[in-house]
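Residue numbers (our numbering): 79 to 216. Just so it is clear, CB atoms sit at the ideal spot from N, CA and C, and this is done for glycine as well.
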């Protein structure tokens, strides 16, 4: 075989590999960004178990917003939470995945139907969101 042809093939394969590497979503999230997200999330616990129902509702929405951001960082996109949750199904056990969907649906009820949440529901949601962040950000 001609040397020029071999060099051309090797270069072409190299360019294809480089393109595939560059186009695949990066799942690496910087340690600084992870720490910020964990800190933002930890601040929500006292709000989640507040006696004030509107404070609990706000914390629920903020917890879901942090999950949305973690999913967007994980998948390197700007898709909404529900879309990215579907993509993340294999990251979680079936029970974890279903629990995450349930708290996300509760968040949607809060936003769209003006639903209220109890301290117990909000506390449980905090733990579910925390678990999802730990898995996504590890």
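For residue 109, the enclosing alpha helix (DSSP H) begins and ends at 109 to 120.
For the stretch 155 to 179, not one full-length beta strand (DSSP E) segment reaches 3 residues or more.
Put simply, the backbone Cα of residue 86 is about 33 Å away from that of residue 154. Cβ contact annotation for residue 131 (same chain, cutoff 7 Å, sequence separation greater than five): 194, in chain order. Taking 8 Å as the upper bound for CB-CB distance, residue 142 and residue 182 are in contact here, some 6 Å apart.
Around the CB of residue 139, fewer than 16 other CB atoms lie within 10 Å, so the residue is classed as exposed. Excluding sequence positions up to five before and after residue 156, its CB lies within less than 8 Å of the CB of 150, all in the same chain and listed in chain order.
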